[in-house]
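Those letters in the sequence shown? Residues 351 to 652, by the numbering used here. Data block below; observations after.
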Amino acid sequence: MSFKDILLALCVVIIWGVNFVIIKLGVTALPPLLLGALRFIFVAFPAIFFFKRPKIPFKLLLLYGLTISFGQFAFLFCAIRVGMPAGVTSVILQSQAFFTLLLGAVILKESLQATHFIGMLIAVVGLTILAKGATAGGLDDIPLLGLTFTLIAGLSWACGNITNRMIMHNQQEEKCSALSLVSWSALIPIIPFLISSWLFEGEEAIVQGLSDFNWPVFGTIIYLAYLSTFVGYGLWGVLLGRYEAWRVAPFSLLVPVFGLSSSALFLDEHINSIQFAGLILIMFGLIITLFGKKLIQRIRSH
């Protein structure tokens with residue numbers, strides 16, 4: 351990769367890493383489900399007027415929007431609202447990679463390698479250590495509810511990944527762009543978010559949130575809708591168009607690094623040594639899962 355494109359990749363992962371800090375600020379100012387509704391309203395409009403509707407079955411578009419958009423972000427925003435540290439969330443959310451592998455094996459009949467099982471086992475050990483370390487100082491409490499919500503968010507993201515593969519496999523005409531799919535699928539979660547906000551957060555909280563709407567809150571939504579979504583996915587798509595996926599994909603492992611560092615810098619979140627060990631094991635498990643087979647092949651070739 352050229353130096354310029356390496357910088358582009360770093361820009362994307364920094365945007366996505368800092369995204370967790372922005373979410374923390376957003377759910378502090380607004381009810382999380384209302385924030386989700388506003389995020390996707392801004393993602394969908396005016397973007398759908400600039401991107402053609404993807405030529406895919408509506409049921410797949412609906413499933414994609416309900417999983418990767420509504421499911422993922424409803425539970426992610428609620429997890430951070432109930433006290434899940436932003437930086438730790440950025441690591442736990444990477445559980446989507448493991449869920450994607452398992453769902454791919456069950457639904458799409460994709461084969462699993464020994465390195466996949468080893469990586470997932472290491473990550474489970476890391477997750478257990480992280481949960482145990484929550485009572486040993488540092489962040490004091492990593493709430494069980496928040497941890498559960500984050501894992502469900504990762505599972506929802508994985509369901510969206512599987513749906514995305516089904517979309518790509520079932521396309522008979524020209525392939526839709528990632529931004530086209532993101533824009534049009536953003537219409538799907540708006541109503542579920544609004545209904546959920548009304549049911550679980552209440553009319554009073556919605557009215558209060560909207561009445562307190564100010565420029566910092568607006569800036570938060572702009573970051574989540576445009577920087578994180580369109581700039582992030584747009585640049586990532588450019589890089590995937592220029593290089594093989596294996597050259598670009600490893601940069602995504604830096605997202606939790608920037609998530610942890612930015613949350614420490616801006617939110618003063620710090621973790622204890624036990625929690626740090628758990629996070630390291632989770633990341634190591636992720637690396638083994640994603641790249642273990644290639645690493646073994648490279649070692650054997652030498």
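Note that beta-carbon positions come from the ideal geometry of N, C-alpha and C, so glycine has one too.
Rounded straight-line distance, which links the Cα of residue j to that of residue i
{"i": "threonine 450", "j": "isoleucine 457", "result": "10 Å"}
{"i": "leucine 384", "j": "isoleucine 646", "result": "47 Å"}
{"i": "tyrosine 414", "j": "alanine 436", "result": "25 Å"}
{"i": "proline 539", "j": "proline 382", "result": "14 Å"}
{"i": "leucine 462", "j": "lysine 644", "result": "14 Å"}
{"i": "valine 362", "j": "isoleucine 356", "result": "10 Å"}
{"i": "glycine 488", "j": "lysine 482", "result": "Bear in mind that the predicted position of glycine 488 carries a pLDDT of just 48, short of 50, making it unreliable; the figure below should be weighed with that in mind. Cα to Cα, glycine 488 sits roughly 12 Å from lysine 482."}
{"i": "glycine 591", "j": "alanine 528", "result": "12 Å"}
{"i": "methionine 516", "j": "valine 393", "result": "23 Å"}
{"i": "leucine 443", "j": "tryptophan 507", "result": "9 Å"}
{"i": "leucine 629", "j": "threonine 439", "result": "10 Å"}
{"i": "isoleucine 391", "j": "phenylalanine 401", "result": "15 Å"}
{"i": "glutamine 558", "j": "phenylalanine 568", "result": "15 Å"}
{"i": "leucine 640", "j": "leucine 452", "result": "13 Å"}
{"i": "serine 561", "j": "glycine 469", "result": "47 Å"}
{"i": "leucine 653", "j": "isoleucine 621", "result": "Coverage of the chain is limited to positions 351 through 652, which leaves residue 653 absent and any answer about it impossible."}
{"i": "tyrosine 593", "j": "glycine 584", "result": "15 Å"}
{"i": "glutamate 553", "j": "tryptophan 586", "result": "38 Å"}
{"i": "arginine 431", "j": "leucine 380", "result": "10 Å"}
{"i": "threonine 653", "j": "valine 474", "result": "As shown, the chain starts at 351 and ends at 652. That puts residue 653 outside it, with no answer to give."}
{"i": "isoleucine 502", "j": "serine 613", "result": "22 Å"}
{"i": "alanine 627", "j": "valine 607", "result": "14 Å"}
Assigned exposure category for residue i - 16 Cβ within 10 Å defines buried
{"i": "arginine 650", "result": "exposed"}
{"i": "arginine 648", "result": "exposed"}
{"i": "glutamate 619", "result": "buried"}
{"i": "asparagine 511", "result": "buried"}
{"i": "proline 542", "result": "buried"}
{"i": "valine 532", "result": "buried"}
{"i": "phenylalanine 550", "result": "exposed"}
{"i": "threonine 378", "result": "exposed"}
{"i": "histidine 519", "result": "exposed"}
{"i": "phenylalanine 467", "result": "exposed"}
{"i": "asparagine 514", "result": "buried"}
{"i": "tryptophan 565", "result": "exposed"}
{"i": "glycine 496", "result": "buried"}
{"i": "alanine 429", "result": "buried"}
{"i": "glycine 494", "result": "In the sequence under discussion, the amino acid at residue 494 is leucine, which differs from the glycine named in the question. Leucine 494 should be labelled exposed."}
{"i": "phenylalanine 563", "result": "exposed"}
{"i": "glycine 421", "result": "buried"}
{"i": "threonine 478", "result": "exposed"}
{"i": "proline 407", "result": "exposed"}
{"i": "proline 396", "result": "exposed"}
For residue j and residue i, believed in contact at Cβ under 8 Å, the rounded distance
{"i": "leucine 480", "j": "isoleucine 492", "result": "7 Å"}
{"i": "glycine 609", "j": "phenylalanine 370", "result": "5 Å"}
{"i": "glutamine 446", "j": "glycine 504", "result": "4 Å"}
{"i": "arginine 389", "j": "alanine 575", "result": "5 Å"}
{"i": "lysine 409", "j": "cysteine 526", "result": "With a Cβ gap of about 15 Å, lysine 409 and cysteine 526 do not count as contacting."}
{"i": "glycine 476", "j": "glycine 635", "result": "6 Å"}
{"i": "threonine 500", "j": "leucine 617", "result": "No, threonine 500 and leucine 617 are not in contact; Cβ-Cβ is about 16 Å, not under 8 Å."}
{"i": "alanine 387", "j": "leucine 544", "result": "5 Å"}
{"i": "serine 546", "j": "alanine 424", "result": "7 Å"}
{"i": "leucine 537", "j": "isoleucine 398", "result": "7 Å"}
{"i": "valine 441", "j": "isoleucine 632", "result": "6 Å"}
Sequence-distant residues of the same chain with beta carbon closer than 6 Å to residue i, five excluded per side
{"i": "threonine 570", "result": "Ile372, Leu375, Gly376"}
{"i": "glycine 433", "result": "Pro493, Gly496"}
Own chain residues within Cβ distance below 7 Å of residue i, not counting five before or after
{"i": "alanine 359", "result": "Leu589, Val598, Phe601"}
{"i": "arginine 403", "result": "Trp534"}
{"i": "leucine 412", "result": "Ile538"}
{"i": "methionine 351", "result": "Tyr593, Arg597"}
{"i": "glutamate 460", "result": "Gly454"}
Beta-carbon contacts of residue i that lie in its chain and below 8 Å, excluding the five residues immediately before and after
{"i": "tryptophan 548", "result": "Ile556"}
{"i": "isoleucine 365", "result": "Leu577, Ser578, Val581, Gly582"}
{"i": "serine 419", "result": "Phe390, Gly510, Ser535, Ala536, Ile538, Pro539"}
{"i": "threonine 465", "result": "Ile638, Thr639, Gly642, Lys643, Ile646"}
{"i": "leucine 416", "result": "Ile538, Pro539, Pro542"}
Short CB-CB distance (under 9 Å) between residue i and chain B
{"i": "serine 547", "result": "The structure shown contains no chain B; it holds only a single protein chain."}
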